[in-house]
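Residue numbers (our numbering), protein chains in the order written: chain A, 18 to 419; chain B, 18 to 419; chain C, 11 to 373; chain D, 11 to 373.
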Amino acid sequence: MVDIDAYRERARAWLDSQAAAFGHAARRGLSVAEDLALGRRWQAAKHDAGYAGISWKKEHGGQGLGPLQKLAFEQEEMKHGFPNTYFAVSLGMPVPIMLRYLPDGWKQERARAALRGDEIWCQLFSEPAAGSDLAGLRTRATRDEATGDWIINGQKLWTTWAQHADYGVIVARTDPTVPKHKGLTYFWVDMKAPGVTVRPVKLAEGSSHVNEVFFDDVRISDAQRLGPVGGGFGVAMETLVIERYSATDPAGFGPPLALLIEQAKTDQVRGRPAIEDGRVRERVARTYAIQNGLAAIHKKSLLALEAGLQPGPEGALHKLVSVRTRQKLSEFAIDLKGVSGLRWDGDGERKDDWVASWISAPTGRIAGGADEMLLNTIAEKILGLPQDHRPDKGVPFNAIAQ
Amino acid sequence: MVDIDAYRERARAWLDSQAAAFGHAARRGLSVAEDLALGRRWQAAKHDAGYAGISWKKEHGGQGLGPLQKLAFEQEEMKHGFPNTYFAVSLGMPVPIMLRYLPDGWKQERARAALRGDEIWCQLFSEPAAGSDLAGLRTRATRDEATGDWIINGQKLWTTWAQHADYGVIVARTDPTVPKHKGLTYFWVDMKAPGVTVRPVKLAEGSSHVNEVFFDDVRISDAQRLGPVGGGFGVAMETLVIERYSATDPAGFGPPLALLIEQAKTDQVRGRPAIEDGRVRERVARTYAIQNGLAAIHKKSLLALEAGLQPGPEGALHKLVSVRTRQKLSEFAIDLKGVSGLRWDGDGERKDDWVASWISAPTGRIAGGADEMLLNTIAEKILGLPQDHRPDKGVPFNAIAQ
Amino acid sequence: MSLLYDEAQQQIATEAARVLDDAYSGERLKALLEAKGAYDQEFWKTCSEQGWTAVALPEEYGGLGLGLVELGLIAEACGGVACGAPFLGSSHAAAQAILRFAGEATKAEWLPRFAGGEAKGAIGFADAQDMLPVAPSLQLSNGRLNGVKPAVSGGGAADLAVVLASGEHGPVLALVVLDQTNVTRTLVDTFDNSRVTADLAFDGVEAIALSGDGLEAARTILCLQAVVTAHEQVGGAQKMLTAARDYALTRKAFGQPIGAFQSVKHRIAEDYVLVELARANAQHAAVHADHPEFGRYAAAARLSATEAYDTVSRDATQVHGGIGVTWEADMHLHQRRARTLAIEIGNMIFWEDALVDALAEAA
Amino acid sequence: MSLLYDEAQQQIATEAARVLDDAYSGERLKALLEAKGAYDQEFWKTCSEQGWTAVALPEEYGGLGLGLVELGLIAEACGGVACGAPFLGSSHAAAQAILRFAGEATKAEWLPRFAGGEAKGAIGFADAQDMLPVAPSLQLSNGRLNGVKPAVSGGGAADLAVVLASGEHGPVLALVVLDQTNVTRTLVDTFDNSRVTADLAFDGVEAIALSGDGLEAARTILCLQAVVTAHEQVGGAQKMLTAARDYALTRKAFGQPIGAFQSVKHRIAEDYVLVELARANAQHAAVHADHPEFGRYAAAARLSATEAYDTVSRDATQVHGGIGVTWEADMHLHQRRARTLAIEIGNMIFWEDALVDALAEAA
């Protein structure tokens, strides 16, 4: 307990000292390219200060510490709005998984470059017809029997930061004649290779951090394979649980409740401060109760982690509740403003602006596990309720009605 | 239009003249037996005044009028709390269906006795393991090959007013070797026959208008069959749509919203009239909007009926919304009363007492179509969405895992 | 008037939907989101060419002499395509204000222009969050307006505004021509820019005071606007409902259409319920435009239409999964419009209060 | 103190659940519903025999010197069986009022009796809907109580009541022995009769004024009561959640367990979420009993536990279909208890207001 607190304290002090150079204020008005460049410098600074790869093994260039230190650092880092978003996926999943599967040498170089922000990896899983149903993916990898190489064709979608990525990990179908989970294989690819085309997808809120990625006869060697042929689904699942412990926010990465309270003291309803109105009071009180409960659940799981216990799947609960609550609260906050609520220049961030929070909330409710999938996870994994009916179960992939 | 209005006016005048003898006040403090006796006299009075079987054919003892007249009368009748509940099922479904299927003579006698309240029919459909899934029923009717008679064994459940019934219509399984919908046959039974045992079921709210009915080697003749052997599911569905047009209540047969408004004017929240509190205002306003919408939908469907159009399946929507809304509003009304809300002597009626309304609301959300089934009806019948997965489809009944 | 649409009314609805479907372009609407102060001029041209601007105005002023029911049906069709201009509703409201509260000369001058669609009207009642301020900050004295009316929808392009101001004897509605010196329109960036929302500043600008108690008159106009808007909201909600239904039938996951999963299926059924309640309320209010209890019917229509459009567009986005949150999909257009219509003429709290006040007074 | 229960605490919880499961009888509880003024004496005997009445009182007065966390765990177990008497929480609250606001002689007289379970306490703060009246109708002057305190839970069988009265210098808490002349207890019929709710009328009855500002003191006691009750509510909600889950796994319709239908499956998952949030809040508040922000933590626990128990018992009834609405099933016992616990110590509105006042003041 004391160790973690001391670690957090040191991290906080260092982060405070960096805020002016890299934090929210330093980023205002930057173009995406400038912000990315600042981000790379920030990542290098973290690396030099011993705060990159906190929970990674030392032989991989990490700090050899545990998830608690990593979480403590992330929570403190969150407060200043540093440009770390470009590296979250890269360092969270693709690089760790390739470190597990590839032979020594090259992988250490890649890991160091990624930890310093010089290189970025992306994760090529979802497809137009395979979102929640990942195993339904259609991108093909066909073996060139002459060379043993693989030829990749197909389309990936929702690939975060693919437009800046140097490498990626990809799951592709290598055998369509077996049931869908069994015909997949996992590779890494060079995102600059011939035949790879990246096209940013503009989202409803106006930003473009996800991409379509097209593979057109992209040739890779069999040495780029991670795990056995046909074992891709397992490696993909392994990838997804690596980031099991990451910092959460009871406000669902939206504005803090205190912001609404502050506004409701000056805004008026029926000629009195809005905070006096029962409708406002109900939202404030119930949201507080939800967020306080989420924070307590999170604290409990950290304590369990610290005590060496395996925490439960409370991540699903946290994401489900926090983002949905944020969406409803943001909608209400906009409503409360009356015609003033219409104003939005697109510049606010989702952590301090109700419109920005509201307009990006639907993405939050879908990306990284849609509400419906989270409810299934809770129902099946925690409560032991039956799996949904799945008519494609056990059926060869190429026999499933598309 | 004028005709209906005039009809309603005459009915209202007559009903007003009967209220003192048969209405709410006359019933206060009566035992169930006394209330039933009063109910029989009320039914006879309606018959004599020409208000029984309003939409039935004249040759069946009815008035030969249309659903609009029936609805108008029901709406007016509802206002006085007459003891008509004992005859609602009887005259609504079993008697009309037997009138369709049985030969002349005996059936006219039964119809007249039922219309006068001298006899009561019940409907023996649901079973312990067959509620929403009616076709899953297990009560057996086995043919006595020697006589052609049928021997009934099994158990029915939720049979309304079976304890007062003289006759009943029943669906039983005559062939368990075919898929479940196909092995059912429809009969009428004498509820006083040997082997029939009726046991009232006490409900959560304390009353007992539904029953378990046990059949123990009950012998009936083949002349008691309605429709073909194996055609019972079809006759059951035909039975259920006979009462398609019956009076509805946007308040879900709970207290009117005006009662809450009245109370909220004198009750206090934070030292001011409760009606000034935003939480109360939100519930009142939104409930009004829902109930006004339901009333408008109902009015539209009456106009369509009048214009000779076939109204849509808005009954499912009406029941779903009105009862659920009533449940939430009743809960809120109890809450608003604070510790005074605890008081309940079990004497209030669900139309004028929030506790009575709240405590019986769960029954309302299940009986006659559970919420989940109503949503399926809307989704499938109106919106054309796919039917649920049903693993028992096409499987012989005796091969379905029970 | 009946709650069942007659043949002529049904034809208006069908024709409006046909015309708009032809003219609709999601691309054009999304371009407007990124351009402050621009609206869809094609759409507005359609409104006047089709006579929609004339529908609910009296024949003596060049109108077609029909009413809220017919205008509602057209608004519903416009809502279905998230139309790119706010003027059908706001011009009608401005015209009604003139018709009800102005003198004959003003009527003769303006109503034919509204009927023909040459004039565009805007309504400016609110002061920030206060939808109907008892003491508006805008001042009208000696026939001159001074002050600012903030965030007026359509204010950036309208010809005439009806504003709520503080007059010499309390709140008063005033009519002001916007295209004159000393009127400053500052376009406001919003999340739904095709509404051409603007702050209107007046520096001693000539204006005509309308008759009657200003707050009462404003309330009347708002109720009319609410019913037209409710139809527009129902149209948008219906569009999103249909989109969700269609997507649920075609998109497959785990080997079946996602509409076979009850989480999707029942959500869409619940949305249908919201749309049908809203539709019935809107229609009911339109039919009872002259009823003494029109105010409460309008409020009921407003509340259920707002809830329906917000909820159904939110749910339709969720049903569409990743596709639903892209710029290319139309879901965000409707979510933005749902929020905009929810706010422009008074938020939920405002209308709940209006309804409860009416109910409590009557009880 | 930690948010993770230690071994001793876990043992308390396990043992309490074991003892109560053995002693539980739905039949006995339902008989109490129809008998005004009776409570489950067996249950109360268990409470004292197991030392639960002593758990959260100091050792010097015969208690076990543990705290809210341990009492909470026991209350959670009691909630799971919809226990047939209100005294575990109300006696603890009465004892805490004495411990915190009474003189040494009173403590020495009463606390050991509470610890041993010989005395039963009741709390009477509310005047009808007003949970914490600023000017209670009950009057305390010259050490004598006059007036009525309505609908006091446990009032029909308690030995001692802590009531909020109007004293000579404003609201004050007073301690009154109920078993004396000039105290009239009128049993109240409620929808949950085992709470032995009664109107208490005092006609010049001797009472002891407790120290401190009466409203502040009452608020403190209410917060303690809210945390104990929140655990009880969580226990009831968890029981209903488990019942729904189990039923969904065994009951079949259309050839499969009804838990395979997402309408049922997701409803139960949502209920799980409510229970977990409530549990975490209750535990968090119990651990922070001495924290300066205990008030807001207690309110959060209260709000989420009330929502959880109401919702989960309502949903469990629905999941059970026809069986769920019979007298024989336990669902209505829990629905009645959920509503009772939701009201007895202040409704949602009261606690929302308490929480918002605290948050707004701090912000």
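Even glycine gets a Cβ: it sits at the ideal position worked out from N, Cα and C.
By the 16-neighbour rule on beta-carbons within 10 angstroms, D:Arg277 is buried. In the three-state reduction of the DSSP assignment, D:Leu188 falls in the coil class.
Taking 8 Å as the threshold, the shortest C-beta distance from B:Leu88 to chain C does not fall below it.
A straight-line Cα-Cα distance of about 43 Å links B:Ala163 and B:Leu220. B:Glu76 carries a helical assignment under DSSP once its states are collapsed to helix, strand and coil. CA-to-CA, the gap between A:Thr214 and A:Phe232 works out to about 7 Å. Residue-level contact check: C:Phe271 touches chain D, since one or more beta carbons of chain D fall below 8 Å from its beta carbon.
When secondary structure is reduced to three states using DSSP, D:Thr194 falls in the strand class.
Residue ranges of uninterrupted beta strand (DSSP E) with 3 or more members, entirely inside the region 164-226 of chain A and ordered along the chain, are 167-177, 184-190, 201-207 and 213-218. B:Lys354 has a beta carbon lying within less than 8 Å of a beta carbon in chain D. Within chain A, the residues Arg287 have their CB atoms less than 7 Å from the CB of C:Asp363, given in chain order. Of all residues in the region 276-290 of chain D, only His276 come within less than 7 Å of chain C when Cβ atoms are compared, listed by chain position.
By the Cβ rule, the region 109-116 of chain D does not count as touching the region 264-273 of chain D, because fewer than three pairs are nearer than 8 Å. The C-beta of D:Ser314 comes closer than 8 Å to at least one C-beta of chain A. Nearest neighbour of D:Glu86 by Cα position, chosen from D:Ile108, D:Gln19, D:Asn192 and D:Leu197, turns out to be D:Gln19.
Contact between A:Thr342 and A:Gly269 holds: their C-beta atoms lie close to 6 Å from each other, under 8 Å. Distance between B:Thr265 and B:Asn393, taken at the CA atoms: about 21 Å. The Cβ atoms of A:Ala62 and A:Gln80 do not sit closer than 8 Å to each other.
At the C-beta level, D:Lys55 and D:Asn203 stay beyond 8 Å of one another. In this structure, the CA atom of B:Trp167 is about 9 Å from the CA atom of B:Asp234. Within the same chain, Cβ atoms closer than 7 Å to the Cβ of C:Asp209 are found at Val158, Pro160, Ala161, Thr196 and Val198, the five residues on either side in sequence being excluded. Contact with chain B is found for A:His406, since one of that chain's Cβ atoms lies less than 8 Å from the residue's Cβ. Interface criterion not met: the Cβ of B:Trp138 is under 8 Å from no Cβ in chain D.
When DSSP states are grouped into helix, strand and coil, D:Pro143 belongs to the coil group. The beta-carbon separation of A:Ala89 and A:Val112, rounded to 21 Å, does not stay under the 8 Å limit for a contact. The Cβ atoms of D:Gly90 and D:Gly246 sit closer than 8 Å to each other. Within the region 198-268 of chain D, the runs of beta strand (DSSP E) that reach at least 3 residues and sit entirely inside it are, in chain order, 208-216. The beta-carbon of C:Ile353 is placed less than 8 Å from the nearest beta-carbon of chain A. Think of a sphere of 7 Å around the beta carbon of A:Asp294: the chain B residues whose beta carbon falls inside it are Gly295, in chain order. When DSSP reads this structure, D:Cys93 sits in no beta bridge, so it has no partner. Taking C-alpha positions only, D:Arg312 is separated from C:Tyr319 by approximately 34 Å. With 16 or more other Cβ atoms from the protein chains shown falling within 10 Å of its own Cβ, D:Ser323 counts as buried. The three-state secondary structure of D:Gln19, taken from DSSP, is helix.
Identification of residues in the region 299-313 of chain B having a C-beta nearer than 9 Å to some C-beta of chain A yields Glu299, given in sequence order. Listed along chain B, the residues sitting closer than 8 Å to C:Arg255 by beta-carbon distance are Leu400, Gly401 and Leu402. Judged by DSSP in its simplified three-state form, D:Leu365 adopts helix.
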